[in-house]
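Protein chains in written order, with the numbering used here: chain A, -15 to 255; chain B, 20 to 367; chain C, 5 to 261.
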Amino acid sequence: MIDKPQTPRRRQRFAADRWRYPLISFASVVGMICLWALVTGLGLVSSRVLPSPGEVLVQAGYLIRNGYADNPLIVHIGWSLFRATSGFLLGVALAIPVGLLMSYNRTIGAIVQPIFGFFRPIPPIAFIPLMIVWFGIGETSKILLIFAASFNYTVLNSAAGMRSVPEQLIRAGTNLGLTRWQLFTSVMFPAALPAILTGVKMSAAVSWAVLVAAELIAAQAGLGFIITDAGTFFRIPDVFIGILIIGVIGLGIEFLISAFERRLLHWQGKV
Amino acid sequence: MDRARVKRLSRRSVLAGLAAAPIGLSATRGLTAETGQPLPVRIGIQPQASWLLYVARDFKLFEKAGLQPTYIRFTTGAQSIAAVESKSLDIASPGITPYVAGLAQGVDWKVVGIDATMSGAEGIVARADSGITKLEDLKGKTIGVARGSTAYYGLLAALKGKGISKSDVKLLLMGPPEQLGAMRNKDIDAVAVWEPWIQRNINELGGRLIGMDADFGVYSTTGVYAVSREYADKNRDVIERFLTGLVLAYQYIQKNGPDAAISAVSEAMNVPRDVIKIMYQEAPVPNILRWADTGYQYSLTKGGAYHKQVEQMTEFLVAEGIISKNVDLSNAFDVSYIANVLRKLEKQ
Amino acid sequence: MGTIVLDAVTKVYPTAESGAAGIVAVDHVAMTIRDHEIVCLVGPSGCGKSTVLNMIAGFESPTEGRITVSDKEIRGAGPDRMVVFQSPALFGWMTVRQNITFGPRKRGVPKSQYENDATRFINAVGLDDFASHYPYQLSGGMRQRVQIARALMNRPEILLMDEPFGALDFQTRLLMQELLLKVWSEFKPTILFITHDVDEAIFLGDRVYVMSRRPGRLKEQFDVPFAKPRNMEILTDPQFVTLKDRILHSIREELAG
């Protein structure tokens, strides 16, 4: 047999490469922290405007021991995770079928396209007063706000994924005698999956980001609550800590979803 | 002044008016005599009942006092803290709570004046069908309030006066717009809030006014004029000319009535005139001529009634964990500037 | 059984402007492909060869005329007429074996029935060691072999091949041609084979049709005088060369300029 599959790299180089880029990223983060410490240490910026890493660490310790606004830190984190996850999952669960259907059926696509397109550029914050009026100040309005943002991204990507399924693949499926339903579920859906998952990743990120806006709706606890409340009283270290926690958790979420994506889409090989 | 007008004005306004009347016209000339080159100044302005500031702005009284003012709009006091700290603002007009919060976070600034004395315009409104008619009825009820605000303090101070502690009520933390929605949906039984939200809760939802901060003995609900200590020490002229402008505004209101002030604030807050009119009656313009007078409710003198009230409020904020460390308020108020201005006034 | 008859088949594509005549891709093509025959279709680019194949496959329908298979008019696509596309059209998320067994699985054929067939066809195309690999791990030639195996799994009467080896390098192409002939000798499907490569057309085909440039008409037909089984030797046979010369001239006439 002449033709062979792609040859793997030599083992040595392969092993070193695996750790090279994560190491660079780690070094980058450490570098940023050092720069931060340097800037505050040299007094280049007022410490009220930019607290030093040390101050932030001390305040973080304080918050971990004493909580914020009569609630332990973990309770704040828990509420935020609950809201963001709920909104995210609901959004994605509805967006995938709607997105796929939009592309699959042109009539449905024509019906919903202008509605989605209209709402897309409007930032979630703008809807807060309406949300309060229609859904009150409880968890519903907050989760709905996050749901809307999450839905938006995944529906777009799912529709695009569906549209980009190669014609040949669909013809191959038809050729094999598949019914329309089988074609949709066994050919189009898996083929659109990479695009769908890209949308899901973006939805996860945006759900977490919109959280702070959602928690403006009379949240009694949460990371967004901490940031807004601390900001009102010019407690900059607390604002920093809130932002840091949000960032770290966001990073974690992205990492998890990427790992999940890699497992699910292993068949793409090195993309 | 005719009788009808006397009846409409509050007592304090009348007394102040009588005090100012003989000074009237001549003061204007005296105060502005030494201007020379107008000094530039950046003044923070917020949508609140800063009567004197708005009148001074609209009638160019700061210019008359020898300033070249630039006005910067802020929506919250917290923003003006950051602006002063970054030296992009000279004179801020935050509420007393953001002032103290800034102080607690190490912002080195002091109060040189007050405006918007809201103790009569901030209080508790109960839902019509909640069965609450007096303070004691709030026990066990759910109350919407903005955390750490002067209304928060006013509410808890009022309840404390009746032996009701924080754990005897359920507080739901939210801002005034959310409170309206929550009242409408019956998620809460009462709110602790400031004007014009009190009027809105009453007019739009048929709420019942239980009482204002002043009714419960709380007089710290004010706006202040705050400047960084460094700036104030280097720019005495600017501060004094600023306060002169406010004095001119006060005299203007005494002479011409509060209509101009009401119109200006109505536009700034985007609230109908008749609501602001009520607000003026509840929270009239402070008597700037008495700011150096130790006997005055809103005097800036160290150890005065106002100073004590603010100290109490600050202790409360520390106890609530809203302010992380105990602040030293002993030098927070600097009465020297207004004292100087008033002295020059008297010389006329 | 697997006789394909095209009766005055015409395909017109509407253009954007309303009222305009439209583009005639295929113009009154009449051809008969007999059972077990390998017929090759050559012609200039854009002459409508693929359109003819697509119509036989059932992906498109003729504007005029009829296409029948075994005397029955065709309706839509189906596994009786399996297509091998130029680009492998494999389902990337499935292994080689899963790709190949996809058709029967989806049609509800019990595993016991198709499992042996799968092994047989994987073996026939020489991919035994790669049955559990994913398409991304295979070379172009291997992917085409999977496609062929996938097509054969459905025991089609007819194989429609649209320039299947066009993207492969010369050596691989030779191997694939030999593979196809070997497979054909075993299972004897009727094959319509479209190609640009005249050598390939003569090597594989029992007959070669030459199509004119657009609007595509059948211009000429050539019989290939070599018996099957064939091997590489015929490529340099004088008869081969003569035939190639005639076909090339026929095509050359159709090229612009």
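A virtual CB, placed ideally from N, CA and C, is assigned to each residue, including glycine.
Three-state class that DSSP yields for residue i in the structure shown
{"i": "residue 317 (chain B)", "result": "coil"}
{"i": "residue 17 (chain C)", "result": "strand"}
{"i": "residue 35 (chain C)", "result": "strand"}
{"i": "residue 253 (chain C)", "result": "helix"}
{"i": "residue 38 (chain B)", "result": "Confidence at residue 38 (chain B) is low in this model, with a pLDDT of 47, below 50, so the placement of that residue should be treated as unreliable; the coordinate-derived value is given next. Correct three-state label for residue 38 (chain B): helix."}
{"i": "residue 124 (chain B)", "result": "coil"}
{"i": "residue 153 (chain B)", "result": "coil"}
{"i": "residue 225 (chain C)", "result": "strand"}
{"i": "residue 212 (chain A)", "result": "helix"}
{"i": "residue 97 (chain C)", "result": "coil"}
{"i": "residue 138 (chain C)", "result": "coil"}
{"i": "residue 2 (chain A)", "result": "helix"}
{"i": "residue 155 (chain C)", "result": "helix"}
{"i": "residue 342 (chain B)", "result": "coil"}
{"i": "residue 87 (chain B)", "result": "strand"}
{"i": "residue 90 (chain A)", "result": "helix"}
{"i": "residue 213 (chain C)", "result": "strand"}
{"i": "residue 106 (chain A)", "result": "coil"}
{"i": "residue 163 (chain A)", "result": "coil"}
{"i": "residue 24 (chain A)", "result": "helix"}
Residue from the options with nearest C-alpha to residue i
{"i": "residue 40 (chain A)", "options": "A:132, A:166, A:126 and A:229", "result": "A:229"}
{"i": "residue 123 (chain A)", "options": "A:67, A:135, A:172 and A:219", "result": "A:67"}
{"i": "residue 234 (chain C)", "options": "C:61, C:208, C:250 and C:243", "result": "C:208"}
{"i": "residue 252 (chain A)", "options": "C:41, C:99 and C:63", "result": "C:99"}
{"i": "residue 34 (chain C)", "options": "C:150, C:218, C:256 and C:223", "result": "C:223"}
{"i": "residue 143 (chain A)", "options": "A:21, A:198, A:183 and A:53", "result": "A:183"}
{"i": "residue 37 (chain A)", "options": "A:231, A:233, A:234 and A:221", "result": "A:221"}
{"i": "residue 356 (chain B)", "options": "B:284, B:245 and B:76", "result": "B:245"}
{"i": "residue 257 (chain C)", "options": "C:229, C:154 and C:216", "result": "C:216"}
{"i": "residue 363 (chain B)", "options": "B:262, B:183 and B:63", "result": "B:262"}
{"i": "residue 301 (chain B)", "options": "B:198, B:231 and B:60", "result": "B:231"}
CA-to-CA distance, residue j to residue i, given in whole angstroms
{"i": "residue 44 (chain B)", "j": "residue 267 (chain B)", "result": "Residue placement at residue 44 (chain B) is poorly supported in this model, since its pLDDT is 41, which falls under 50; the coordinates still yield a value, given next. When rounded, the distance between both Cα atoms is 10 Å."}
{"i": "residue 85 (chain B)", "j": "residue 212 (chain B)", "result": "38 Å"}
{"i": "residue 58 (chain C)", "j": "residue 118 (chain A)", "result": "55 Å"}
{"i": "residue 136 (chain A)", "j": "residue 81 (chain A)", "result": "13 Å"}
{"i": "residue 291 (chain B)", "j": "residue 236 (chain A)", "result": "49 Å"}
{"i": "residue 119 (chain C)", "j": "residue 196 (chain C)", "result": "28 Å"}
{"i": "residue 107 (chain A)", "j": "residue 78 (chain B)", "result": "39 Å"}
{"i": "residue 159 (chain C)", "j": "residue 84 (chain C)", "result": "7 Å"}
{"i": "residue 238 (chain B)", "j": "residue 55 (chain A)", "result": "30 Å"}
{"i": "residue 147 (chain A)", "j": "residue 87 (chain A)", "result": "6 Å"}
{"i": "residue 56 (chain C)", "j": "residue 192 (chain C)", "result": "22 Å"}
{"i": "residue 296 (chain B)", "j": "residue 16 (chain A)", "result": "55 Å"}
{"i": "residue 52 (chain B)", "j": "residue 58 (chain B)", "result": "At residue 52 (chain B) the pLDDT is 48, less than 50, meaning the model places this residue with poor confidence and gives no usable figure here."}
{"i": "residue 113 (chain C)", "j": "residue 85 (chain A)", "result": "29 Å"}
{"i": "residue 177 (chain A)", "j": "residue 197 (chain A)", "result": "30 Å"}
{"i": "residue 55 (chain B)", "j": "residue 194 (chain A)", "result": "53 Å"}
{"i": "residue 277 (chain B)", "j": "residue 113 (chain B)", "result": "22 Å"}
{"i": "residue 121 (chain A)", "j": "residue 201 (chain B)", "result": "6 Å"}
Beta-ladder partner(s) of residue i, from DSSP
{"i": "residue 197 (chain C)", "result": "C:44 and C:165"}
{"i": "residue 68 (chain C)", "result": "C:14"}
{"i": "residue 352 (chain B)", "result": "B:130"}
{"i": "residue 247 (chain B)", "result": "B:128"}
{"i": "residue 213 (chain B)", "result": "B:141"}
{"i": "residue 76 (chain C)", "result": "C:73"}
{"i": "residue 164 (chain B)", "result": "B:192 and B:211"}
{"i": "residue 228 (chain B)", "result": "B:144"}
{"i": "residue 98 (chain A)", "result": "Bridge partners of residue 98 (chain A): none, in fact."}
{"i": "residue 62 (chain B)", "result": "B:90 and B:110"}
Would you call the region 213 to 222 of chain B and the region 124 to 131 of chain A touching, i.e. three or more CB-CB distances under 8 Å? no
Tell me whether the region 210 to 219 of chain A and the region 231 to 248 of chain A touch, counting them as touching only if at least three CB pairs, one residue from each stretch, are closer than 8 Å. no
Check whether the region 270 to 278 of chain B and the region 6 to 20 of chain C are in contact - that is, three or more C-beta pairs closer than 8 Å. no
Whether or not the region 98 to 116 of chain C and the region 128 to 135 of chain C are in contact is what I'm after, with contact meaning three or more pairs of Cβ atoms, one per stretch, closer than 8 Å; do they touch? yes
Listed from N- to C-terminal order along the chain, which residues in the region 159 to 182 of chain B have their beta-carbon within a distance smaller than 7 Å of any beta-carbon of chain E? Note that chain E does not occur in the displayed structure, where the protein chains are A, B and C.
Any chance the region 92 to 104 of chain B sits against the region 116 to 124 of chain B, with 3 or more Cβ pairs inside 8 Å? yes
Cβ pair count under 8 Å reaching 3, the region 241 to 250 of chain C against the region 226 to 233 of chain C: yes
Are the region 148 to 163 of chain B and the region 241 to 259 of chain B in contact at 8 Å, needing three or more beta carbon pairs? no
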